[in-house]
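Following: one structure in structure tokens, then a few remarks.
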Amino acid sequence: MSDEAASPRIRRIGGFLGPGLFMALLLWPDLPLDGPQRRVAAVTAWTALWWVTAALPIGVTSLLPAVLLPLLGVMSSTAVAPLYMNNLVLLFVGAFIVALGLERWGVHRRMALAIIARVGTGPRQLILGFMVASALLSFFINNTSTTLLMLPIGMACIASLTGKDGKEGGPFAMALLLGMAYSASVGGVATPVGTTPNQVFLGQFRGKYPDAPELSFSQWALAWIPLVILYLPLGWLLLTRFAFRIPAGSGARSDTIAKEREELGPMRGPEKWMSAVFVLTAFLWITRVDLDLGVLKVPGWGDLFSSSEGRSNVSDATVAIAMAILCFLLPVGKGRRLMDWETARRLPWEILLLIGGGFCIAGAFAACGLDRLVGEALGPYLATLPEILVVALVVALMAGLTEITSNTATTAVLLPVLGEAAVSAGMSPLFTMMPATIAASVAFMLPVATPPNAVVFSSGLVPATTMARVGLWMNLLLIVLVTATFHWWVRPLLGIEAELPAWVSQGIEESGR
């Protein structure tokens, strides 16, 4: 659910219900929880309800745990505060600044138009081009920004091909706009920085299981880019042959793309510098850790900066912050730099605060044992199911919930519980946490499900009933694809077994469980 989509009435109701539910859980005499667990459950309920109903801006709500957890004696303020600015948050600060640089100089627009032009200009080819461009841009740019960028280009193409000035819908318009929104959402799962649920997961996982092997940028991309590759042709076929039956046609009036590219002119100096920084950032992320290519293993440059214990002192955050600083240093004219603070101030601060709020809740769950309590209740049921069915149920549950609730809030609240449920069932916590994270980004049925859905719905060319009908089929397709990709590709690649890994067992022994 889009966080901006809640109506004023829902916000008011949520504003009253949040504190009310908080007090009810604190005072309910028959609640089978001890004191700290009861207080954490109350804080989580209040925070989650305000997240879902948008009673306050999501960033402000994310600060509730920073106030309530110390006041209730669950965690000290000195323990809570560092959770709002840690290594992972710095990664996203740096990555967002680089992405803002791409937007400032229009590099993302040039990339999108180049991709579309190379795919073709017939109706079906244009739809595929917009889907590919949206997915690729969402690897590094927020999926909402990607959709907002692509929308005016798409509307111009619709007007060019239909001759209706983009004011009337039709099969082509609906297929193009829905394909754009769905691809922006799916493309975001391919990298750690592509969408907020990925960021929430990585923060919680690293905080909860510090001894687990690191999930680097390149490992994540190698694991989940195949999902995007599978989705693009299958989603395109579903939209153009099954949902709308788009004719092959010709691009007789589709000179819009060529005209827009011509208006951009040749690449200017700032665009070239920004493109170079972008490529360098991706290269350093990919090559920081060892790359095992089967017949050849390429050592990562991060090994050059190892500690005495053998662990690398640098992370993806080091690269991101270094590249962000470089943007502020590179001159692009008299008195101008590649990045300025006026642009950098547009950082999505509420997302950074949301990540911190999620860390606080996850840390509180662990501190009082509430995650273990709920996980142990669910674990025996998971242990009786076939492995692939466990994954499918988790994916379907998360995809269904995020149709009507914020995907960021849902992942922040449910991931600690799902992780402990897997541990209780004798499985790696990655077995439930990772597919649930990916599934949080594949809600396609409702305009409020994701910001990209809301953006294309605002065009007035996609009826809600059509979005629900097509989105249902797309949801089913992605549930199958996420389950299959995780089970047959991600698990072998990352060594995720349906048994308790040593790094979890060590944590259990240290905590005295």
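In terms of the working numbering, the sequence shown opens at residue 718 and continues consecutively.
No residue lacks a Cβ here, since even glycine has one placed at the ideal position from N, Cα and C.
Would you call residue i buried or exposed, if buried means 16 or more other Cβ atoms sit within 10 Å of its Cβ?
i	result
Ala-1219	exposed
Ile-1155	buried
Thr-795	exposed
Pro-950	exposed
Ser-1175	exposed
Tyr-948	buried
Val-918	The sequence shown places Phe at residue 918, not Val. Phe-918 should be labelled buried.
Asp-882	Only weak support is given to the placement of Asp-882: the predicted model assigns it a pLDDT of 49, under 50, and the value that follows is read from those uncertain coordinates. Looking at its Cβ environment, which holds fewer than 16 other Cβ atoms inside 10 Å, Asp-882 is exposed.
Ser-779	buried
Leu-1098	This sequence places Tyr at residue 1098; Leu is not what is there. Tyr-1098 should be labelled exposed.
Arg-726	exposed
Leu-744	exposed
Pro-909	buried
Glu-1137	buried
Glu-979	exposed
Ile-870	buried
Arg-755	buried
Val-945	buried
Using only alpha-carbon positions, find the residue among the options that is nearest to residue i.
i	options	result
Val-1207	Val-1108, Pro-1164, Ser-1176, Ser-1158	Val-1108
Gly-735	Asp-751, Trp-745, Ala-759	Ala-759
Tyr-801	Gly-1074, Ala-907, Arg-728, Gly-732	Gly-1074
Pro-987	Trp-822, Leu-743, Pro-787	Trp-822
Leu-1060	Ser-851, Leu-1193, Ala-798, Leu-819	What sits at residue 1060 in the sequence shown is Thr, not Leu. Among Ser-851, Leu-1193, Ala-798, Leu-819, the Cα nearest to that of Thr-1060 belongs to Leu-819.
Arg-1148	Ala-898, Thr-1182, Ile-1105, Thr-778	Reading off the sequence, residue 1148 comes out as Phe, not Arg. When only C-alpha atoms are compared, the closest one is Ile-1105.
Gly-1212	Ser-902, Ala-940, Ala-898	Ala-940
Pro-1132	Val-791, Ala-890, Leu-1118, Met-1151	At residue 1132 the sequence reads Leu, which differs from the Pro that was named. Of the listed residues, the one whose Cα sits closest to Leu-1132 is Met-1151.
Pro-964	Ala-892, Ser-1023, Arg-826	Ala-892
Arg-729	Thr-770, Arg-962, Gly-737, Leu-742	Thr-770
Gly-732	Leu-1087, Pro-749, Trp-768, Val-906	Trp-768
Lys-976	Gly-811, Ala-831, Val-1134, Leu-1087	Ala-831
Pro-787	Leu-1217, Ala-1084, Val-1015	Ala-1084
Met-872	Val-994, Ser-862, Ala-890	Ala-890
Leu-1055	Arg-958, Gly-790, Val-784, Ala-816	Ala-816
Ala-741	Ala-762, Ala-901, Pro-753, Ser-724	Ala-762
Ala-812	Gln-921, Ala-999, Pro-753, Ser-1023	Ala-999
Pro-753	Gly-846, Ile-1078, Ala-1116	Ile-1078
Leu-1070	Arg-756, Arg-755, Thr-764, Pro-746	Thr-764
Thr-1101	Ala-1215, Leu-868, Pro-1048	Ala-1215
Thr-864	Pro-1168, Val-824, Trp-1066	Pro-1168
Ala-1185	Ala-1157, Leu-1198, Ala-1171	Ala-1171
Val-903	Leu-854, Gly-837, Glu-931, Asp-1020	Leu-854
Taking only three categories from DSSP, how would you classify residue i?
i	result
Ala-969	Because the pLDDT at Ala-969 is just 40, under 50, the model does not fix this residue reliably, and the value given afterwards should be weighed accordingly. DSSP places Ala-969 in coil when its eight states are reduced to three.
Ser-1029	strand
Val-1036	helix
Val-791	coil
Val-1015	strand
Ser-900	helix
Pro-1164	coil
Pro-963	Residue identity differs from the one stated: residue 963 is Ile in this sequence, not Pro. The answer is coil: DSSP assigns Ile-963 none of H, G, I, E or B.
Met-984	coil
Ile-858	coil
Pro-1209	helix
Gly-1186	Looking at the sequence provided, one finds Arg at residue 1186 rather than Gly. Three-state DSSP puts Arg-1186 in a helix.
Ser-851	helix
Arg-1242	Summary: the structure shown does not reach residue 1242, with the chain confined to residues 718 through 1230, and so no result is reported for it.
Leu-750	coil
Ala-1157	coil
Leu-773	coil
Leu-1064	coil
Val-1179	coil
Val-810	helix
Ile-730	helix
Val-1006	coil
Arg-827	helix
Thr-912	coil
Ala-1084	helix
Ala-892	helix
Ala-940	helix
Leu-1103	Reading the sequence as shown, one finds Pro at residue 1103 and not Leu. Correct three-state label for Pro-1103: coil.
Asn-803	coil
Could you tell me which residues DSSP puts in a beta bridge with residue i?
i	result
Gly-1048	According to the sequence shown, residue 1048 is Pro rather than Gly. Paired residues: Arg-1054.
Ser-1023	Ser-1029
| query | Would you say the region 1028-1037 touches the region 797-812, given that touching needs at least three Cβ pairs under 8 Å? | reply | yes
| Pairing CB atoms from the region 925-932 with CB atoms from the region 1158-1165, are three or more of them under 8 Å? | Touching, no.
| Counting Cβ pairs, one atom from each stretch, are 3 or more of them under 8 Å apart for the region 836-851 and the region 1090-1105? | Counting Cβ pairs under 8 Å, fewer than three are found: no touch.
| task | Check whether the region 770-781 touches the region 1037-1045, counting contact only when three or more Cβ pairs, one atom from each stretch, lie closer than 8 Å. | result | Contact fails between the region 770-781 and the region 1037-1045, because fewer than three Cβ pairs, one in each stretch, are under 8 Å apart.
| request: Kindly confirm or deny that the region 1116-1131 and the region 906-921 touch, where touching means at least three C-beta pairs closer than 8 Å. | output: The region 1116-1131 is in contact with the region 906-921.
| Segment contact, 8 Å Cβ cut-off, at least three pairs: the region 1139-1146 with the region 1176-1188 | no
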